[in-house]
Each structure stands twice: as C-alpha cells, then as structure tokens.
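Q: I'd like to ask some things about the structure below.
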Ligand SMILES: [Zn+2]
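Numbering (my numbering), first residue to last: 7 to 402.
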C-alpha cells in the first residue's frame, strides 16, 4: 500500500481530481448507507467532477459508462491519459461484482479531497477533521490528503503531551493497545476523553448491530455484505488480512456465527456496537498500527528483565532500554514502513541525525537490512530487526 501513496503522488492534477471522483463514487455505489436519492446525487456530483477532469483533452465517458466502468476496471484505466507503470494499473476500486477493494477506504483517506462526503468512511474522515480543527491543526478548507500521517500523529501527540508526560504515555499506549474501548473504560482516561479521538463504531465496520476485533490489532474489522446475506469481515490492514484476519459472519438460529476464511483459527467473538467506542480509520492507521511493534517490543524486553521507557524525552525516539546493574543502554527507534525504499528515503532525510541510535524494523523486513544499513552508514546508527534487538539485550 505504500506503493499506492507513491503512485498517487506521481499523478497530475487532472488525474488526481478524476481519482478522487472515482473513489467517492465507488464508495457510494458499494455502500448501503443513506438513501438512494442521496447516493444518486453524490454519484452525479462525482461524474461532474470526473468529466471536468478530462478538460476536453479526451472524450469523457457518459454517466452510465462511468458508473459501469467503476466495477472491474483497473484504476489507471479510469484516469485521463491512463498513467502507465504504477500499481494503479494493477488495482481496481470495485471488482466485477461491485464488491469494494480493500484499498478503497485507504484511498478515501489518503488520496481524496471529497472523501468526507462518502458514505461509511466519510463519517470517520469528518470526525478526524473536527479533531484536527479542535487542536488547531487543520484550516477549514483543507482536505486530509493535503496533510501527512506524520502531521496528524504530531498534532495528536502534542495535544496529549499538554496534559503532562504521564497522561501522554498512558493515552498514547491506550490508542495503540486498545483502539476499541468500552465507554466506561474511556471515561476513566481524562486525556483521551478530552482529545475526543474515540467515537461510536463506524457503520462500515458493523453488522447487525455487532462488530468483531482483528486478533492482531484489536481494531474493528471492515464488514462487507455479500449478496447471499453473509458478511465478510476483514482487517483493513492488508498484512493482517493476509495473515488470516478474515472471517465470514453468518446468521444462525443462535445469533451470528463467525468462521475463518484464512489461516488463523482463533475466531473473535462478535460484540454489540452499543457501549463501545473506536478510533477513526486514520488514527488507527497512523497511531495504532505503527505503535504495535513498539509496545510488543517493550513487553518482550520487560519480560527479559530490562527496564524500558516508552516514548521518552518528548518522543525523541521510541524506547529507552537499560538493564539494571549494567551500563549499556539502547536508544531504539522503531520503523514499520511497509515499503523499505520509502523507509530508506525517510532515514536519509532524518534531520536529527541518528548517531548511536538503533533503528529497529520488523523481522519480515530482514531482507532489506543491507539496503537500510548502507543508508544510515555515515550517521553511525545501526539497523536491526526486533528479533536481533531482543537477542542482543538478552545477551548483554
Ligand atoms: Zn488488524
């Protein structure tokens, strides 16, 4: 998916407008939320923007052709000038049956100016808009696609820090470990209540008044109604879904039952929507996901007897690790980018300089260690996988 963000960056202004219109239209077509009239109006609006994006350079498709092509066409083929050679040439928004692609929500958040209008995910995006405005981060007319995940992270963490270091660490850890909370649990964390990050569970991630958590990140899985009345549940994280966070929910006489669609045999329990609150998509994407390895690593190191401080010194890096009675210390910055080349670029740009720091990447990126080590060589930083770090701390 990091490849998708890069591919979107390479589009020209016309192609971006067209992509925006296609993504919102695909969401409107595949959602059952809202009235038919509302959806029709939204689709017409999208078509209007789509036609204008062609700017007379090519013949723009009619409304019927536009909506018809959204199902089963590669994204690149929908855009003016048909950009070649990127992942957009390999992915579609809706498959031949009109079922949404797993990337659709992410595109709505990261690549559209009008995603807030879309059914389902639009509510998430509007929630994030108002949160960012409340912390003074987002001018009224700016869309999310104009600001980076890092900017959002920064704004959220800065707001939490205003409540004191303790509240900051506790709030941030909660957003990583518990992206879904009961309303009672939330009410006990003042900093989180004031931040206003949690809200009712999105309709796109509930079925028959229920929801189910991804076994890996604990966030609400996306619910897609199949034509036969069953519901597919998938973690929005492609990696989690591939590793088995995908299930089928079917109504039975005793209520809804979940069955695995992947390798993972552990089946989460469906829970009532009532009484629970969840992070919106973008905060799960930009705060929960990158934080998972950080808190996991902390837990593993503490088990070994190490002392670990999470996000020390105003978030200069992620973990400060020491072993009682020994002089050695580790300053660890965890990097979880899905795209190692993007990560290499990021390390190259690190303005702080990275002397004495260990960058830790997930074990599944081990193959990229030589590349990443070449990148940070001059700075004196090291690059390890999480498994390497645990072994090193254990042996020290
Ligand atoms: Zn997950």
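Cβ coordinates follow ideal geometry from the N, Cα and C atoms, glycine included.
All figures in this text were calculated on a predicted structure; none of them were measured in a lab.
For the alpha helix (DSSP H) that contains residue 165, what are its first and last residues?
A: Numbered from 1 along the chain shown, position 159 holds the residue referred to as residue 165. Start and end: 155-167.
Q: Which runs of the beta strand (DSSP E) spanning at least 3 residues fall entirely within the segment 255-310, listed in chain order?
A: Runs found: 261-266, 282-284.
Q: Considering just the uninterrupted stretch of the beta strand (DSSP E) at residue 367, what are its terminal residues?
A: Residue mapping note: residue 367 aligns to position 361 of the chain shown, counting from 1. It spans 363-367 - the beta strand (DSSP E) in which residue 367 sits, taken as one unbroken run.
Q: For residue 98, list the residues DSSP reports as bridge partners.
A: One-based indexing of the chain shown puts residue 98 at position 92. DSSP output for residue 98 lists 80 as bridge partner(s).
Q: For residue 268, which of 381, 220, 110 has the nearest alpha-carbon?
A: Within the chain shown, residue 268 is the residue found at index 262, counting from 1. Closest by alpha carbon: 220.
Q: Assuming residue 201 and residue 237 are in contact, meaning their beta carbons sit under 8 Å apart, how far apart are those beta carbons, in whole angstroms?
A: Your numbering for residue 201 matches position 195 in the chain shown. Your numbering for residue 237 matches position 231 in the chain shown. Incorrect: roughly 31 Å between the Cβ atoms, too far for contact.
Q: What's the gap between the Cα of residue 112 and the Cα of residue 312?
A: Within the chain shown, the letter at position 106 stands for residue 112. Within the chain shown, the letter at position 306 stands for residue 312. Taking the straight line from one Cα to the other gives about 37 Å.
Q: Please name the residue in 197, 198, 173, 282 whose C-alpha comes closest to that of residue 225.
A: To locate residue 225, count along the chain shown from 1; it is residue 219. Nearest option by C-alpha distance: 282.
Q: At a threshold of 6 Å, does residue 251 count as lining ligand 1 (C-beta to nearest heavy atom)?
A: Along the chain shown, one-based indexing puts residue 251 at 245. At least one heavy atom of ligand 1 is nearer than 6 Å to the Cβ of residue 251, so yes.
Q: Should the segment 102-111 be regarded as contacting the segment 46-58, the criterion being three or more beta carbon pairs within less than 8 Å?
A: No, they do not touch.
Q: So residue 114 and residue 124 are supposed to be a Cβ contact under 8 Å. How far apart are they, rounded?
A: Position 108 of the chain shown holds residue 114. Position 118 of the chain shown holds residue 124. At roughly 6 Å, the Cβ-Cβ gap stays under 8 Å, so residue 114 and residue 124 are in contact.
Q: Is the separation between the beta-carbon of residue 185 and that of residue 285 shorter than 7 Å?
A: On the chain shown, residue 185 is found 179 positions in, with the first residue counted as 1. On the chain shown, residue 285 is found 279 positions in, with the first residue counted as 1. Closer than 7 Å, so yes.
Q: What are the complete beta strand (DSSP E) segments, minimum 3 residues, inside the segment 176-205?
A: Counting whole runs of 3 or more residues, the segment 176-205 contains the beta strand (DSSP E) stretches 186-188.
Q: Quick check: residue 363 and residue 387, are their CB atoms within less than 7 Å of each other?
A: Counting from 1 along the chain shown, the entry for residue 363 is found at position 357. Counting from 1 along the chain shown, the entry for residue 387 is found at position 381. In contact: residue 363 and residue 387 (Cβ atoms closer than 7 Å).
Q: Quick one: is the Cβ of residue 241 within less than 6 Å of any heavy atom of ligand 1?
A: Numbered from 1 along the chain shown, position 235 holds the residue referred to as residue 241. Because some heavy atom of ligand 1 lies under 6 Å away, the Cβ of residue 241 counts as near it: yes.
Q: Could you give the first and the last residue of the continuous beta strand (DSSP E) run that contains residue 239?
A: For the purposes of this step, residue 239 is identified with residue 233 of the chain shown, where counting begins at 1. Looking at the DSSP string, the run of the beta strand (DSSP E) that includes residue 239 is 237-240.
Q: State the start and end residues of the unbroken alpha helix (DSSP H) segment that holds residue 329.
A: Position 323 of the chain shown, counted from the first residue, corresponds to residue 329. From DSSP, residue 329 is part of no alpha helix (DSSP H); its letter is neither H nor E.
Q: Just to check my reading of the structure: residue 32 and residue 99 have Cβ atoms closer than 8 Å, yes? What is that Cβ distance to the nearest angstrom?
A: As a first step, residue 32 is located in the chain shown; it is residue number 26 there, counting from the start. As a first step, residue 99 is located in the chain shown; it is residue number 93 there, counting from the start. Residue 32 to residue 99, Cβ: 4 Å. Contact.
Q: In the DSSP assignment, what residue or residues form a beta bridge with residue 118?
A: For this step, residue 118 is matched to residue 112 along the chain shown. Partner(s): none; residue 118 has no beta bridge.
Q: Measure the Cβ-Cβ separation of residue 56 and residue 82 and say whether it is below 7 Å.
A: If you number the chain shown from 1, residue 56 lands on position 50. If you number the chain shown from 1, residue 82 lands on position 76. Cβ distance not < 7 Å, so residue 56 and residue 82 don't count as in contact.
Q: For the alpha helix (DSSP H) containing residue 56, name the first residue and the last one.
A: By one-based count along the chain shown, residue 56 stands at place 50. Note, residue 56: alpha helix (DSSP H), 42-60.
Q: Given this structure, state the Cα-to-Cα distance separating residue 380 from residue 173, to the nearest angstrom.
A: Taking the chain shown and counting its residues from 1, one reaches residue 380 at position 374. Taking the chain shown and counting its residues from 1, one reaches residue 173 at position 167. Near 38 Å, if we compare the C-alpha coordinates of residue 173 and residue 380.
Q: Within 10 angstroms of its Cβ, does residue 190 collect 16 or more other Cβ (buried), or is it exposed?
A: Start at 1 with the first residue of the chain shown, and residue 190 comes out as number 184. Burial call: exposed.
Q: So residue 229 is in the beta strand (DSSP E); what residue range does that whole segment cover?
A: In the chain shown, the residue the question calls residue 229 occupies position 223. Residue 229 -> beta strand (DSSP E) spans 228-231.
Q: Taking all protein chains shown into account, decide if residue 203 is buried (16 or more other Cβ within 10 angstroms of its Cβ) or exposed.
A: Mapped onto the chain shown, residue 203 falls at position 197. With 16 or more Cβ atoms within 10 Å of its Cβ, residue 203 is classed as buried.
Q: Please classify residue 388: does DSSP put it in a helix, a strand, or coil?
A: The count along the chain shown starts at 1 and reaches residue 388 at position 382. It is a strand residue.
Q: Can you determine whether any heavy atom of ligand 2 sits closer than 6 Å to the C-beta of residue 50, and answer yes or no?
A: Summarising the ligand content, the structure contains ligand 1 and does not contain ligand 2.
Q: Rounded to whole angstroms, what is the Cα-Cα separation between residue 22 and residue 336?
A: Position 16 of the chain shown, counting from 1, holds the residue named residue 22. Position 330 of the chain shown, counting from 1, holds the residue named residue 336. Approximately 43 Å, taken between the alpha carbons.
Q: Where does residue 212 land, buried or exposed, given buried means 16+ other C-beta within 10 angstroms?
A: For the purposes of this step, residue 212 is identified with residue 206 of the chain shown, where counting begins at 1. The residue is buried, with at least 16 neighbouring Cβ atoms inside 10 Å.
Q: Using 8 Å for Cβ pairs, my map puts residue 378 next to residue 367. What's the rounded Cβ distance?
A: As a working note, residue 378 is residue 372 in the chain shown. As a working note, residue 367 is residue 361 in the chain shown. About 7 Å; that satisfies the 8 Å criterion.
Q: So, with DSSP's three-state summary, where would you put residue 67?
A: On the chain shown, position 61 is the one that residue 67 refers to. Looking at residue 67 - three-state DSSP - the assignment turns out to be coil, as it is neither helix nor strand.
Q: If residue 158 and residue 207 are in contact, beta carbons under 8 Å, what's the gap, nearest whole angstrom?
A: Along the chain shown, read from residue 1 onward, the residue named residue 158 stands at position 152. Along the chain shown, read from residue 1 onward, the residue named residue 207 stands at position 201. No, residue 158 and residue 207 are not in contact; Cβ-Cβ is about 21 Å, not under 8 Å.
Q: Evaluate residue 171 with the Cβ neighbour count: other Cβ atoms within 10 Å of its Cβ, from every protein chain shown; 16 or more gives buried, anything less gives exposed.
A: Taking the first residue of the chain shown as position 1, residue 171 is located at position 165. Under this definition residue 171 is an exposed residue.
Q: Anyone know if the C-beta pair for residue 93 and residue 40 falls short of 7 Å?
A: Locating residue 93 in the chain shown gives position 87, counting from the first residue. Locating residue 40 in the chain shown gives position 34, counting from the first residue. Not a contact, by the Cβ cut-off of 7 Å.
Q: Among 164, 300, 116, which residue has its Cα nearest to the Cα of residue 287?
A: In the chain shown, counting from the first residue as 1, residue 287 sits at position 281. Nearest of 164, 300, 116 to residue 287, Cα basis: 116.
Q: Label residue 258 either buried or exposed according to how many other C-beta atoms from any shown protein chain fall within 10 Å of its C-beta, with 16 as the threshold for buried.
A: Counting from one through the chain shown, the residue named residue 258 turns up at place 252. The residue is exposed, with fewer than 16 neighbouring Cβ atoms inside 10 Å.
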